[in-house]
Structure formats: structure tokens, C-alpha cells
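Note sheet for the following structure.
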Amino acid sequence: MATATKKEHKSARPERGGQATLIEAIRQGIWEEMERDPTVFVIGEDVGAYGGAFKVTDGLIDEFGKGRVIDTPISEAAIVGAACGAGLMGMKAVAEFQFIDFISAGFDLLTNYAAKSRYRWGANIPAVFRGPCGSGVRSGPFHSLNAESFFLNTAGLKIVEPSTAYDAKGLIKAAIRDPDPVIYFEHKKLYRLPRLREELPADDYIVEIGKARLAREGRDLSIITFGAMVLTALDAAEDLEKEGLDVEVIDLRTLAPLDRPGILASVKKTNRVMVLHEASRTGGIGGEIAAIIAEEAFEWLDAPVVRLASIDTPVPYSPPLEDYYLPQTKDVLEAARKLAAY
Amino acid sequence: MRISTKFAPRKSTDGQPLSCITETTLKPEQMLELYRHLKLTRLVEERLVNLAKQSKVVGGVFRSLGQEATAVGSAYALGPGDFITPLIRDLGAVLVKGIRPREIFAQYMAKAWGPSGGRDLNIHFGDMEKGFIGPISHLGDMIPVMTGVLLAAGMQKKKTVAIAYIGDGGMSTGAFHEGINFAAVQKLPLIVIAEHNQYAYSTPTNLQTAVNDLAEKAAGYAVPASIVDGNDVIACYEVTKRAAEFARGGGGPVLIEAKTYRRRGHAEHDDQRYVPAGEIEWWEKNNDPIDRCERYLLEQNVATKEKLEEITADVLREIEEDCAWAESSPMPEAEQAAYGVFDNDIVPPSFRPEVLKN
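The listed protein sequences correspond, in order, to chains X and A.
Residue 40 in this note's numbering sits at position 40 of the first sequence, and the numbers go up by one each step.
Residue 281 in this note's numbering sits at position 281 of the second sequence, and the numbers go up by one each step.
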């Protein structure tokens, strides 16, 4: 009979740099910012003694105390509202949504209070709203959301989503230091993915918000993507290389404000573009990117801009259903071949 | 939990018209200051109505006619480092906090010199130095926001207290519940003033909630509650002063239900067809907060009729001067619309796409 073992409580301070997964990188970033700046605090459901549903905030309460790591009731409006109010007073909240799906319960305060405050009366809200997003982990319609589109049409919110451990740390630190509200999406499939474990520098660094990353250089076509789909794109690019197709992969990292120069530079180089994302196709960020390209680089295109995204349904639970819902590497391969042959 | 009714409305026992409570620590000059704030509130609003008739106000005009005492009396009980977040009908509290009428006029007229530079309406702005955080249109939202203000003040070791105003309508929102519940759990020094003015737009309270007294709702959060005569400016002051002492001393949030009556519609365009005949007139004749305050000041020999007229004349002078200032402001430069979404040093202002230029 197996003996139940109590999970060892990891309250130790994370290493500064060193080998880290994406989730460890985020934890390092928050920890270092709380050490650096006494106005930074964490707020959310189960973020204290439990360390958060995914353990992003593990150990923070032991180090910084419950005055700076605040467990809340199940109240997203209270979490967002409190982050906004504290922001007015010069305190910087790192607010957690247990799953990003629950951001809908804080939508009103995010879009009407946090986003508009600076514009309305000059009172900026320096706060980070973060949480696990993303599908492909068999979590069904309420724990799999990619919510970026809900917020793209709201002026006043910055949105980031890392796909590497290095960027995860650099972006969380940049988000905390940013004077305006930043939504920080963390793809839960990437949290502990061994493939993403990498050596982080020991020094203090940030990744600038608003700058895309060239994840792979290529000449023949560009895949513009972000989050977990960066890995799908890179996998496809490797296969396509064997077929003689040289694919460029742009990892957006910041979804608002979009890195227009970064996107356009790649378009002008390869002249063929696929936009790839996990959220449903209709009304997704792919449409916005395609429109920017159509408006600003129309004469550089050798083929229509292709959008590859999930189908227009809620995220289903069962593996065959979810795999059908979500773009797969084979879908990227097929689309890339057609695009190259256009 | 017991609801305190010490300051609740009382019917006139001797057939005399209603006045104010006499049990108070307010000094005569403070009472006159309260009177000045009441008059200033009413007359600023009357001027706004006139400006609207001249088409100088761009949006709607929202009155607090008949309920000015709740906002004025409660806000007056706070200290200079304390915060308020008012509702649209709490202009009185905003003025008590030191916002000048000129800011209100410029804001209503969408002028460049207004505190939001023409970007938002009426009292939708704020002044952190003066402890005023303006509301947004979404009722209930400011309760959670104020929990954050008070959490932060606690982290900063400040002994700050805050009032969040809400109404019989706003208390039906989820944000109200989430905010007061969180405040109670965290024992934050938040005073929730529930202005029971009997109509939310056109909806009467019996279609808004099944409780008789809004104060009953506080028990669900283990928050102590009182009922106050919202048209008695002295009672509103006294009950809030006690609440502020309790909250500042670490007792946690307090809810005060102020019984009052909204004599004008939701905004000036509202014809109030839903109000039973005679109801407004009854309140105007028998329970006007300014009439009651005047009667009190004269009865108690705090002021003479001449003194009150002098105060009113002074208020009118201020309104005249401030209105002229606001009218002399230019409208905002159109291109300013593109600035200030983010810190402009980091993200440049947003403009139209290149392809539409030239």
C-alpha cells in the first residue's frame, strides 16, 4: 500500500537566476520585486499559506507576512477593486486570478476602473493582474480560457504572455514596475514543461513590454504567435525545414500594445504570414494582426494572411474533442505548405 | 445584530415642524459652516440647471435636491486625511472635501480647465490630496476600490477612514456585496453610507430589495449598522462621527442607512411619472433638510435670519465668480483625446493609421 506523503512546503527563497522552469521564473520575479520595492504586495484567493493553486506565490507569506500577501474571499470584484484602490494610494498589487477564466467576474472593474482611471483623471493604477490561462490540458470549458480578446478592445490595459522562462521573469518584473495596469497571462501548460527549463541570469533584468521576440529566424514565411502556440510553431518549423521551407516564428510576448514595427519587419522580409493563436478564431487577436498587416504592408504580401486558431466553440473537455478544437502541429504544417505554394 | 436607531427619523410630537437634533458637540461656527455647505450644494445645482437650460452643460444634470444633508453632514465628520467616494447625488460631500464649485462647473460644461480636461462628466474625477475619489457610473464598484485604498493606508501605517456612499439601488449589485464582505473580513475602517432616497432611477425600493430597512443587510456581514434621519444634517454628522471613531479604533466597517427622499428625477430629463401624486410636494413642504437646518439655527439662537441671508449672499458671490471662471475656459483641444491612455513617455498617444494620412 502506498504511503501518503505530505507535500513538502517549499517556503525557501528562490535562487536568483539559475535553472528555472517558467513557473519558477515567475515566482523568482515576484519575490525579487517584493524585496526591491516595499510597495509591492500580492493579493488573491489562496495565495497565502497555500501558495496559490499552482504555487506561483509559494513561500511569499512566510517571507513577507500576511500584510503583503493577502488572502481574499472568492471575490474577483474585491480583488480587482482592492488592487485599483491600493494603486491610487501608490501601492502596487500583484493580483492573482486562480484561473484566468474567473477574470470575467472582475471584468467590470478591470475595464471600467483600472483601464480608464489615468485617462479620466490622471490617476494611474500600477497593478498587475495575473493568472493561469490556456487550453490543451483537459480542463474543460471553465479552466482553459484564453481571454486576451476580451481586453484588446479596452484602451488602457497592457497585456503580456510569455513563452519562455527568461521572458516570464523579465516580463513579470517589467509589469510590476509599469505605471499602468498590466494583465499577465501565464499558460498553465508551460508552467512546469521540462523543455522550457533554462538557465536564467543572476542579475536583475526586465523584458520590455511592447517588444516581440524573434523566436526563430526564417526567410520564406512568418508565423506570428504567442504563448504555448510558440512551441507548436517551432515544432512545425523544424519539420518544414526538412521540406526546404525556412519559417520565421515571431513570439509577440506583448499583446497590447502590439509591436507593430516587429510584426511589419517580419512581413516585409518573408511576404507570407500565418497568425496562430489558441483562442477562438472569430474576434480573436489574429484578426487585428491581419488588419494591421493589410493596412500597413499590403503591397509586401505575396499571399493572403492566414489565421489559424481554435474553432468557435467553448473549450471541450474530452481529449479527442479538445485536440480537434485546438490548432495542432499538423494543422500548422498543412497551412504553411498551402501558404508557401500560393 | 441590533440596528441602532438612536438617530433614526422621529415624527414631530408637538405638531411643530421638524428641526434637527439638539444633542451635539458641534460649535456654533461649525453649524454655520454646515449650513453654508448645504446652501452651496443646492445653489451650485440650481446654477447647473440654469447652465443646462442655456445649453452650456453638455451631459445630464443630476440633483441632490432634498437629500443634501446626508452628504454634507456625513462628510463633515471626517478628518482632512480621510477619504470619500461619493455617488452622483453627493455633490455636498465633494464640496465639504474642499473641491471648488469652479471645478464642478467646468467639468459639467466639458471644459479644458475642468479637472478631467473634458474627458469625463459631472463629479467623475478625484483629488487624492483632498481625499476625494470620484465614482464611476457602475454602482457598487467603488466599495471594492475603497477596500484597496484602506488596505494600502493600513500598509502605509496611516489611520485613514473612508466613506463610500451607496444607494438603495446600488446595494443590489454584486460589487457592493463583494466589497463590504471583504472590508468586514479585513476589518477595514470603511463607513458605508446607504442613502435610502426611495428611487433608483424610476424603481422604488420594494422592487429593489425585500428588506424594509437597508441597515438589515449589514448583519449578513457582521457589520454594525445604524439608521439616521438623512434630512437632519446634525444627526448625519453625529452618527458618522461615532462611526469614524469606531472604525478608526479598529472596529471594522460600519453601515449607516440614511432615510431621505429624492425630490428630482434621476437626472433633469426624468419626468418622474412614476412618483405618486403629492409625494414630492409633501417632502418639500414638511421635510426639507435646509428648512430644517435654518429652523434649528434660529431656534437655538445660533444665527439670526440676517446672518443666514449673509451666508447665502456669500455663497452666491462664490458661485458667480466660479461660474464666470469656468465659462471663460476654452473647450479642450480636439487632439487631446488621443493622449493619456498610458504614461505618454512609455506608450505614445494613439493616432489614426498612417494609410489615412496624406
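Don't be surprised by glycine CBs; every beta carbon is placed ideally from N, CA and C.
What does A:Ile99 touch in chain X if you count any residue whose Cβ is under 8 Å from its own? Residues of chain X passing the Cβ test: none, with the nearest at roughly 12 Å.
If we ignore side chains and look at the alpha-carbon of each, how far apart do A:Ala235 and A:Thr22 end up? 9 Å
Same chain, Cβ closer than 7 Å to A:Asp141, five either side skipped, listed in chain order: Ala175
Among A:Leu214, A:Asn181, A:Gln198, which residue has its Cα nearest to the Cα of A:Met171? A:Leu214
Bounding residues of the beta strand (DSSP E) (the contiguous stretch that carries X:His187): 182 to 187
Could you tell me whether the region 185 to 194 of chain X touches the region 205 to 219 of chain X, using the rule of 3 or more Cβ pairs below 8 Å? no
Can you tell which of A:Ile99, A:Thr147, A:Ala75, A:Leu87 has the C-alpha that lies nearest to the C-alpha of X:Pro73? A:Thr147
For chain X, is any of its Cβ atoms less than 8 Å away from the one on A:Ser172? no
What does DSSP give as the partner residue(s) for X:Val160 in the beta ladder? X:Tyr184, X:Thr254
9 Å Cβ cut-off: residues of chain A touching X:Gly81: Asp141, Met142, Ile143, Pro144, Val145, Met146, Thr147, Gly148, Ala175, Glu178, Gly179, Phe182
Would you give the residue range spanned by the alpha helix (DSSP H) that X:Gln28 belongs to? 22 to 36
Indicate whether A:Thr260 and A:Asn231 have their beta-carbon atoms separated by less than 8 Å. yes
Counting only Cβ-Cβ distances shorter than 8 Å, please list the residues of the region 102 to 129 of chain X near chain A, keeping chain order. Asp108, Leu109, Asn112, Tyr113, Lys116, Arg118, Tyr119, Arg120, Trp121, Gly122, Ala123, Asn124
So, using beta-carbon positions, are X:Leu276 and X:Leu308 closer together than 8 Å? yes
Residue range of the unbroken alpha helix (DSSP H) whose run includes A:Gly92: 91 to 96
Given that a residue counts as buried once 16 or more other Cβ atoms are within 10 Å of its Cβ, and exposed if not, what is A:Asn122? buried
Please check the pair X:Trp285 and X:Leu255, which I expect to be a contact at CB under 8 Å, by giving their CB distance rounded to whole angstroms. The sequence shown places Ile at residue 285 of chain X, rather than the Trp named in the question. Right, their Cβ atoms sit about 6 Å apart.
So, is A:Gly250 buried or exposed, given that buried needs 16 or more other C-beta atoms within 10 angstroms? exposed
So for X:Val80, helix, strand or coil by DSSP? helix
Using a Cβ-Cβ cut-off of 8 Å, state whether A:Pro353 counts as contacting chain X. yes
Please go through the same chain and pick out, in chain order, the residues whose beta-carbon is closer than 6 Å to the beta-carbon of A:Gln272, but skip the five residues on each side of it. Gly265
Since X:Arg213 sits in a beta bridge, which residues does DSSP pair it with? X:Asp251
Using a Cβ cut-off of 7 Å, which residues of the region 129 to 140 of chain A contact any Cβ in chain X, in chain order? Ile133, Gly134, Ile136, His138
Buried or exposed for A:Tyr199, going by 16 or more other Cβ atoms inside 10 Å? buried
Scan the region 147 to 165 of chain X for residues whose Cβ lies nearer than 8 Å to a Cβ of chain C and list them as they occur along the chain. The chain labelled as chain C is not found among the protein chains of the depicted structure, namely X and A.
Along chain X, which residues have their Cβ under 8 Å away from the Cβ of A:Met109? The premise fails here: A:Met109 is roughly 17 Å from chain X at the closest Cβ pair, so nothing lies under 8 Å.
Whole alpha helix (DSSP H) runs in the region 122 to 195 of chain A with 4 or more residues, listed along the chain? 142 to 155, 174 to 185
With a threshold of 8 Å, are at least 3 pairs of Cβ atoms found where one atom belongs to the region 346 to 356 of chain A and the other to the region 126 to 138 of chain A? no
Could you tell me how far apart the beta carbons of A:Lys39 and A:Val315 are, in whole angstroms, since I believe they sit closer than 8 Å? 5 Å
Would you identify the three-state DSSP class for X:Leu308, choosing helix, strand or coil? strand
Neighbour list for A:Asp343 in chain X, Cβ cutoff strictly below 9 Å: Arg118, Asn124, Asp178, Pro179, Asp180
So A:Asp82 and A:Ser64 are in contact, right, with Cβ under 8 Å, and what is the actual spacing, rounded? The pair is not a contact, with the Cβ atoms about 21 Å apart (cut-off 8 Å).
Since X:Arg130 sits in a beta bridge, which residues does DSSP pair it with? X:Glu96, X:Tyr184
Please compile the residues from chain A whose C-beta is within a distance smaller than 9 Å of the C-beta of X:Ser266. Here the premise fails: no neighbours, minimum Cβ distance about 18 Å.
Please confirm whether A:Gly126 has its beta-carbon closer than 8 Å to some beta-carbon of chain X. yes
Where A:Ser116 sits in the DSSP three-state scheme: coil
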